[in-house]
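Structure, as C-alpha cells:
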Amino acid sequence: MVVNNNAGAIFLILNTLAKNKEVIVSRGELVQIGGGFRIPEILEQSSAHLREVGTTNQTFIEDYEKAINDDTALMLKVHQSNFNMNGFVHQAEVKELKKLGERYNLPVIVDLGSGTFLNTENFGLKHEPTVQESIRAGADIVCFSTDKLLGGPQGGVICGKEIYLKKISQHPLFRTLRVGKITLTILQEILLHYLKDEAVTKIPIWKMISCPLEKIAIRSQNICQKLKKENIPAFTKEGQTAIGGGSLPGQTLLTKLIVIKPPCPVEIFSKELRLFNPPLLGRKEKEFFILDPRCIDPSSDNLVIKIITSVYFKMK
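Below, the structure written as C-alpha cells:
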C-alpha cells in the first residue's frame, strides 16, 4: 500500500489497528521526524494510547513484556533514522519483539523512517536497517518513506501481512491519504530499477552515494580549470558529503569540493545563484562559495560553469 508520506502511513496503521487501545513503544524511539511532527503526537491524534517502556538509552524485551495488558493492541518499533545514540545503549530487536508478539498474539509494527533496499555498508557507510531485514525478522507490518534513501517521489509504503493490510486498506481514511496516478507511475519506475539491479546507475541518490572519489576529483578539477579560463578564481579541496535528508545521521562520504572566491560578499553571491534560472545551490564557508560535485549530475557540469560565469560577471 502507498500513502502520501510515512507519517500518514504510521497514522493510518495506528488508527486502524490500535484505536482506543495501547501501543507499546520504547522511550528511546519516541522520535521527532521532519517538520516538527513527533511520534507521541501522531499516536495521540490516531486515538491510540501511548505506553512508554524502558529508558532513553536502554530498553529490553522484558520491558515490553511487563507493559502488556488487556488493552495492548500492538508493539511499535521506530528506527532512529534522523539521529543516533552511542555509548551505553540497547534496544530490543525485531526478532525478539516477534517472539514476544507470538506469545501474546500481538502484531509488531516497524517504522523504518527513511527506509532502504540496499546495504549501505557496500558504499563505505554504517549499516542502515533494510526493509528486507525487518520483514525477514518477523515484522507484521513495515512502513517507510518512498523518497529519501529509496530515491522516489514523496510517499509512504505500508507492507506486510495480508490480514493487516486488508484491514488498513478498508479504512475510510485510506482514501484521504492515498497518492495519485503520477506518483504511483514514478514510484513504479523507481522500484523497477531495484528489481533490475540497476539502482546505483539509475537512481540519483544512489548514483551520488556510489560514485568513486576518483571520478569526482576529475570532474572537480575540470570545472575549476574551465572557470579559471574565464578568469574566475577557483580551486579544489578535500571535503565531506553529508547524506542528509533525514537519513544516515552524522555519516559522510569523502568528496572533492570546488571553492570559488566571489567578487562580492558570499551571501549576495550565493543568493544570486539561488535566484538564477535554473538555480544553483551550494555552501558558504567564510568568504568562499563551495560546490560539491557529488551532489551534481555529471550531465549538468557545463551548465554549472555557465551559471557561475553569468552570476560572477554580473556581480563583479
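Positions 1 to 316 (the UniProt record's numbering) are the ones given, in order, by the sequence shown. Ideal Cβ placement from N, Cα and C applies to all residues, glycine included. Bear in mind the structure is a predicted one, so any value in this text is a computation, not a measurement.
- Per DSSP, the unbroken alpha helix (DSSP H) holding PHE174 starts and ends at 173 to 177.
- Every unbroken stretch of the alpha helix (DSSP H) spanning 4 or more residues and falling wholly within the stretch 110 to 159 is given here in chain order: 131 to 136.
- Going by C-alpha positions, CYS211 is about 35 Å away from ARG178.
- The DSSP-derived three-state label of ALA92 is coil.
- Using a Cβ-Cβ distance cut-off of 8 Å, the stretch 84 to 96 and the stretch 165 to 175 are not in contact, since fewer than three pairs of beta carbons, one from each stretch, lie closer than that value.
- Judged by their CB atoms, ILE141 and ILE109 are nearer to each other than the 8 Å cut-off.
- Here MET208 carries a helix assignment [DSSP, helix/strand/coil].
- Residue range 6 to 17 is occupied by the alpha helix (DSSP H) that includes ALA9.
- With 16 or more other Cβ atoms from the protein chains shown falling within 10 Å of its own Cβ, GLU128 counts as buried.
- In this structure, the alpha-carbon of GLU287 lies about 30 Å from that of ASN82.
- When the Cα atoms are used, MET1 and VAL259 turn out to be separated by approximately 45 Å.
- The alpha carbon of LEU184 has as its nearest neighbour, out of THR146, THR176, SER220, ARG294, the alpha carbon of THR146.
- A Cβ-Cβ separation of about 15 Å leaves CYS143 out of contact with ALA48 under the 8 Å criterion.
- Within the model, the alpha-carbon separation for PRO293 versus ASN6 is close to 30 Å.
- Segment contact: the stretch 246 to 265 against the stretch 212 to 219, three or more CB-CB distances shorter than 8 Å; contact assigned.
- For LEU275, the enclosing alpha helix (DSSP H) covers residues 266 to 275.
- Beta-bridge pairing by DSSP links LEU291 to ILE258.
- In this structure, GLY54 and MET75 do not form a Cβ contact; the two beta carbons are roughly 12 Å apart against a cut-off of 8 Å.
- Runs of the beta strand (DSSP E) lying entirely within the stretch 20 to 62 and spanning at least 3 residues, in chain order: 22 to 26, 49 to 53.
- Selection ARG175, ALA139, GLY155, LYS181 evaluated against LYS161 yields ALA139 as nearest (Cα-Cα).
- Remark: C-beta atoms of ILE33 and GLY113 approach each other more closely than 8 Å.
- The beta carbons of PRO233 and LYS261 sit closer together than 8 Å.
- The three-state secondary structure of GLY239, taken from DSSP, is strand.
- A residue is called buried when at least 16 other Cβ atoms come within 10 angstroms of its Cβ; ARG175 does not meet this threshold and is exposed.
- If you draw a 10 Å sphere on the C-beta of ARG51, you find 16 or more other C-beta atoms in it, and that means buried.
- Where MET315 is concerned, the enclosing alpha helix (DSSP H) starts and stops at 301 to 315.
- Residue pairing from DSSP places LEU76 in a beta bridge opposite ILE109.
- Nearest to GLY36 by C-alpha distance, out of GLY246, GLU22, GLY151, ILE268, is GLY246.
- Each of PHE289, LYS306, GLN132, LEU303 was checked against the Cα of CYS264, and the nearest Cα belongs to PHE289.
- The three-state secondary structure of LEU253, taken from DSSP, is strand.
- In the DSSP assignment, VAL3 forms a beta bridge with GLY156, ARG178.
- Short of 7 Å from the beta carbon of ILE296, and not among the five residues preceding or following it, lie these beta carbons of its own chain, in chain order: VAL304.
- Boundaries of the beta strand (DSSP E) around LYS284: 283 to 285.
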